[in-house]
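Below you'll find the structure, written out as structure tokens, and then a few comments.
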Amino acid sequence: MRKTTIFILFFSLLMGRATMAWSQPAAVKRAAKSVFSVTTFKDDGSIHGSGYGVFTGKAGEGIAMWNLFDGAKRAVVVDAQGRSHEVDVILGVSELYDICQFRVKNINDAGLPTITTDVPATSAYLVGYDIKKAPIKLIKPEKVEKFMTSNNYYIFKDIDISNTDLGNPVVNASGQLVGIMQRNKNGGQAFVTDARIINTFKTNGLSLNDRSMQATGIRPALPTDEQQAMLMLMMAAQQGDSARYEAYITDFINLFPTSHVGYQTRATRLIQQRELAKADDILTLSLKNATPKDQAYCDYAQAMFRAVAFKTDTTYTQWSFGRAMQLAQKAYEIKPQPIYRHLQAQILYTEGHYQKALDIYSALRKTPLGKNGEVYYEAAQCKMALNAPKTEIISLLDSAATIAKGPAAAPYVLARGRYYDNAGEYRKAFADYLAYDTLVDCRGTHDFYYAKFKCEMKLRQYQLALNDIAHAIVLNRAEPTYYAEMANLQLQVNKLEDAVRTCDMGLAITQEYTDLYIIKGIALCEQSKRAEGLKALQKAHELGDGRAQTLIEKYAK
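Numbering of the sequence shown is given in my numbering, commencing with residue 1347 and proceeding in unit increments.
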């Protein structure tokens, strides 16, 4: 009888366990289909980290522990069917709670929905990863804390959780995602961060500069707000990563198919790569999809005009000034904006139709573009090409420089200065050069300081000239002409030792520039260093400089 009783009790326990195993809710079992393994890799291809995660969205979105991605170059997930997927973008990161959300490529299977209640779960199911049969176990938190007002932070007994459980999803009986099992990478208690934290994840235009996003080689997702997406596109262009930039352009076109910006950006890239036929295709697609249509036609016209003007690819004959004009006219027909007439004037000027272009510029001065110095400057260019009286040209340049305010006036002040310079009015040119230098905070180009130097030479402002040619050298140390000009001026003002030193600096860059040998030879001979001077002059003679022989004969006496 005793044996029979023991057998019945043992059988009852077995049946009870079997009932527990088979009584797991169907929704919990289905949750196993959303679990994946994740492996992250370093730059050299070696493994950085591995763990688990779970899909949480409808387009390949998933979550996992952030420490797996921190410092990694790329990541691959393997879903419950054994299929591999490359992680494409990071959607958000919480370093504090060691969790991140990302999206993988080529998957549209629905992931787990997150919990919808603020009430903490008293028990839940930990769903493991296995391609054949995922392990599932019932777990209970030791305690629950609140964070971010309504989210729950679950802490578990360490003995109940193994390291192989980390990253696996914790779900309620309805199969809703509570969170993923976590533990600090340095050890400690196991915890689950409320999965609803991902609702706070959102990229913006400056996410490329975010410290967390920069900690991984996986790019942040393009923002869903168009203005923020445009900002990220601009930031990506400045970072110099061509492949990443191309990916963002593709994302932008897919996310905002009616925006002209994505098509225009891609066309610009293709033109830079001399792929005009492909650029034409993408701009044609813009005409079909983008709105407003007038802007799409304007983009097309501008791209074509610039490519033809700069002779990007003369073998591609389908693009021409004439066709660019037709596109610009179409934009104006759809919406008569002054900017489209401005583009037409630029095309006409480049074609050599100066009077027609001038007529449009004159009309544009009566529109809102009349508040833009560019219209007056370009009208002045037309007048120059038509050999108009100097007073008419100066009047337009004056207007351009006056209408623009502050630093915006700088290019027009410089243009007026150069016009005065070419006209022989050096004092007026010098005044404009000084004004321009002030407007740009003394940050002009080496070409500018060289032009200013030559103007100062004509005005015999030698100390200013020395300062400016030195400035030009600092900005472009590889131009031997600047060293020769500086050394020549130093020779003129009897700074002979300085002239020799300047020549030596120039000759350290090139040994083929004869002016440097000529000036050095004269400066040395004038210092009574005849042997060294004649040696420099002889070098100039060997390089074919006709002046050298006369100087050798002069100083050899």
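Glycine included, every Cβ here is placed at the ideal spot set by N, Cα and C.
Please read these numbers as outputs of a predicted model, since none were measured by experiment.
* Asked: Is Cys1728 buried or exposed, if buried means 16 or more other CB atoms sit within 10 Å of its CB?
  -> Residue mapping note: residue 1728 aligns to position 382 of the sequence shown, counting from 1. The residue is buried, with at least 16 neighbouring Cβ atoms inside 10 Å.
* Roughly how many angstroms lie between the CA atoms of Ala1886 and Ala1830, to the nearest whole one? -> Residue 1886 sits at position 540 when you count from the first residue of the sequence shown. Residue 1830 sits at position 484 when you count from the first residue of the sequence shown. So the alpha carbons of these two residues sit roughly 13 Å apart.
* To do: With DSSP as the reference, label Leu1568 as helix, strand or coil.
  => Along the sequence shown, one-based indexing puts residue 1568 at 222. Reduced to three states, the DSSP call for Leu1568 is coil.
* Is Thr1911 helix, strand or coil by DSSP? -> A query on residue 1911 cannot be resolved here, the shown segment of the chain reaching from 1347 to 1903 and no further.
* Considering Lys1717, what are the terminal residues of the beta strand (DSSP E) in which it resides? -> As a first step, residue 1717 must be located in the sequence shown, where it is residue number 371. Boundaries cannot be given for Lys1717, as no beta strand (DSSP E) includes it and DSSP labels it neither H nor E.
* Inside the region 1509-1561 only - beta strand (DSSP E) runs reaching at least 3 residues -> For the region 1509-1561, whole beta strand (DSSP E) runs of length 3 or above, ordered along the chain, are 1515-1517, 1523-1529 and 1536-1539.
* **Residues near Leu1577 by beta carbon distance below 6 Å, same chain, minus five either side** => Residue 1577 sits at position 231 when you count from the first residue of the sequence shown. These residues qualify, in order along the chain: Gly1551.
* **Tyr1500 - partner residues in DSSP beta bridges** => Taking the sequence shown and counting its residues from 1, one reaches residue 1500 at position 154. Val1490 and Val1538.
* **Contact belief for Phe1387 with His1394 at Cβ below 8 Å, rounded distance in angstroms** => The residue you call residue 1387 lines up with position 41 of the sequence shown. The residue you call residue 1394 lines up with position 48 of the sequence shown. Between His1394 and Phe1387 the Cβ distance is about 6 Å, and since that is below 8 Å, they are a contact.
* To do: Report yes if the C-beta distance between Thr1549 and Ser1440 is below 9 Å; otherwise report no.
  => By 1-based counting over the sequence shown, the position of residue 1549 is 203. By 1-based counting over the sequence shown, the position of residue 1440 is 94. No, they are not a contact pair.
* Asked: Does the beta-carbon distance from Tyr1471 to Val1374 come in below 9 Å?
  -> Position 125 of the sequence shown holds residue 1471. Position 28 of the sequence shown holds residue 1374. Against a cut-off of 9 Å, the Cβ pair of Val1374 and Tyr1471 comes out as a contact.
* **Spatial distance of Thr1713 from Asp1464 (CA atoms)** => Taking the sequence shown and counting its residues from 1, the one referred to as residue 1713 is at position 367. Taking the sequence shown and counting its residues from 1, the one referred to as residue 1464 is at position 118. Rounded to the nearest angstrom, the two C-alpha atoms are 59 Å apart.
* To do: Provide the residue(s) that pair with Phe1448 in DSSP beta bridges, ordered along the chain.
  => Against the sequence shown, residue 1448 aligns to sequence position 102. Phe1448 pairs with Gly1408 and Ile1436.
* Run through the region 1730-1790 for me and flag every whole alpha helix (DSSP H) of 4 or more residues, listed as ranges in chain order. => Whole alpha helix (DSSP H) segments, 4+ residues: 1736-1749, 1756-1768 and 1772-1785.
* Asked: Can you tell me whether Phe1493 is buried or exposed, with buried defined as 16 or more other CB within 10 angstroms of its CB?
  -> Your numbering for residue 1493 matches position 147 in the sequence shown. By the 10 Å Cβ count, Phe1493 comes out exposed.
* **Sequence-distant residues of its chain with Cβ nearer than 6 Å to Lys1796 (five each side left out)** => Stepping through the sequence shown from its first residue, residue 1796 is reached at position 450. In the sequence on display, residue 1796 carries Tyr and not Lys. So the list reads Ala1818, once near-sequence residues are dropped.
* List the endpoints of the continuous beta strand (DSSP E) containing Ile1485. => Locating residue 1485 in the sequence shown gives position 139, counting from the first residue. Where Ile1485 is concerned, the enclosing beta strand (DSSP E) stretches over Ile1482 to Ile1485.
* Asked: For Ala1589, which of Asp1434, Leu1837, Lys1800 and Ala1750 has the nearest alpha-carbon?
  -> On the sequence shown, residue 1589 is found 243 positions in, with the first residue counted as 1. The shortest Cα separation from Ala1589 among Asp1434, Leu1837, Lys1800 and Ala1750 belongs to Asp1434.
* Asked: Alpha carbon to alpha carbon, what distance is there between Phe1502 and Thr1460?
  -> As a working note, residue 1460 is residue 114 in the sequence shown. As a working note, residue 1502 is residue 156 in the sequence shown. Rounded to the nearest angstrom, the gap between the Cα atoms of Thr1460 and Phe1502 is 20 Å.
* Cα-Cα, which of Val1786, Lys1419, Trp1412 and Asn1452 is closest to His1934? -> With the chain covering 1347 to 1903 only, the question about residue 1934 has no answer from this structure.
* What's the call for Asn1733, buried or exposed, on a 16-neighbour Cβ count within 10 Å? -> Along the sequence shown, read from residue 1 onward, the residue named residue 1733 stands at position 387. Classification of Asn1733: exposed, given that the 10 Å Cβ count is below 16.
* To do: Report the rounded CA-to-CA distance for Ala1755 versus Ala1761, giving the unit in angstroms.
  => To locate residue 1755, count along the sequence shown from 1; it is residue 409. To locate residue 1761, count along the sequence shown from 1; it is residue 415. Approximately 10 Å, taken between the alpha carbons.
* Asked: Within 10 angstroms of its Cβ, does Pro1638 collect 16 or more other Cβ (buried), or is it exposed?
  -> Position 292 of the sequence shown, counted from the first residue, corresponds to residue 1638. Classification for Pro1638: exposed.
* Which residues bound the alpha helix (DSSP H) around Ile1864? -> Counted from its first residue, the sequence shown places residue 1864 at position 518. Counting along the chain, the alpha helix (DSSP H) containing Ile1864 begins and ends at Thr1860 to Glu1872.
* Kindly confirm or deny that the region 1701-1717 and the region 1667-1677 touch, where touching means at least three C-beta pairs closer than 8 Å. => Contact between the region 1701-1717 and the region 1667-1677 is absent, because fewer than three Cβ pairs lie under 8 Å.
* To do: Within its chain, find whatever has a CB closer than 7 Å to the CB of Ala1405; leave out the 5 residues flanking it on each side and keep chain order.
  => Numbered from its first residue, the sequence shown carries residue 1405 at position 59. Excluding residues within five positions, the ones whose Cβ falls inside 7 Å are Arg1449 and Asn1454.
* Buried or exposed: Val1820, going by 16 or more other Cβ atoms within 10 Å of its Cβ? -> The residue labelled residue 1820 in the question sits at position 474 within the sequence shown. Classification for Val1820: exposed.
* Assigned exposure category for Met1347 - 16 Cβ within 10 Å defines buried -> Locating residue 1347 in the sequence shown gives position 1, counting from the first residue. The predicted model places Met1347 with a pLDDT of 42, which falls under 50 and marks its position as unreliable; any figure quoted below should be read in that light. In this structure Met1347 is exposed. Its beta-carbon is surrounded by fewer than 16 other beta-carbon atoms within 10 angstroms.
* To do: Indicate the three-state DSSP secondary structure (helix, strand or coil) for Gly1395 in the structure shown.
  => Indexing the sequence shown from 1 puts residue 1395 at position 49. Three-state result, Gly1395: strand.
* Thinking C-beta only, is Val1424 closer than 9 Å to Ser1904? -> In the structure as shown, the chain begins at 1347 and stops at 1903. Residue 1904 is therefore absent and cannot be evaluated.
* Asked: Under 9 Å between the Cβ atoms of Ile1544 and Leu1458?
  -> As a first step, residue 1544 is located in the sequence shown; it is residue number 198 there, counting from the start. As a first step, residue 1458 is located in the sequence shown; it is residue number 112 there, counting from the start. No.
* Tell me which same chain residues have a C-beta within less than 8 Å of the C-beta of Leu1835, skipping the five on either side of it? -> What you label residue 1835 is simply residue 489 of the sequence shown in a count that begins at 1. Contacts found: Met1803, Tyr1808, Ala1811, Leu1812 and Ile1815.
* Asked: Excluding sequence positions up to five away, which residues of its chain have a Cβ less than 6 Å from the Cβ of Asp1597?
  -> Position 251 of the sequence shown, counted from the start, is the residue given in the question as residue 1597. Closer than 6 Å at Cβ, skipping near neighbours: Leu1568.
* **Val1473, enclosing beta strand (DSSP E) - first and last residue** => Within the sequence shown, the letter at position 127 stands for residue 1473. In the DSSP assignment, Val1473 falls within the unbroken beta strand (DSSP E) covering Ala1470 to Val1473.
* Asked: Of all the options Gly1852, Met1411, Glu1878 and Ile1864, which has the alpha carbon lying nearest to the alpha carbon of Leu1889?
  -> The sequence position of residue 1889 within the sequence shown is 543, counting from 1. Closest in alpha carbon position to Leu1889, among Gly1852, Met1411, Glu1878 and Ile1864, is Ile1864.
* When we look at the beta-carbon of Arg1687 and count the other beta-carbons within 10 Å, is it buried (16 or more) or exposed? -> Taking the first residue of the sequence shown as 1, we reach residue 1687 at position 341. Per the 10 Å Cβ criterion, buried.
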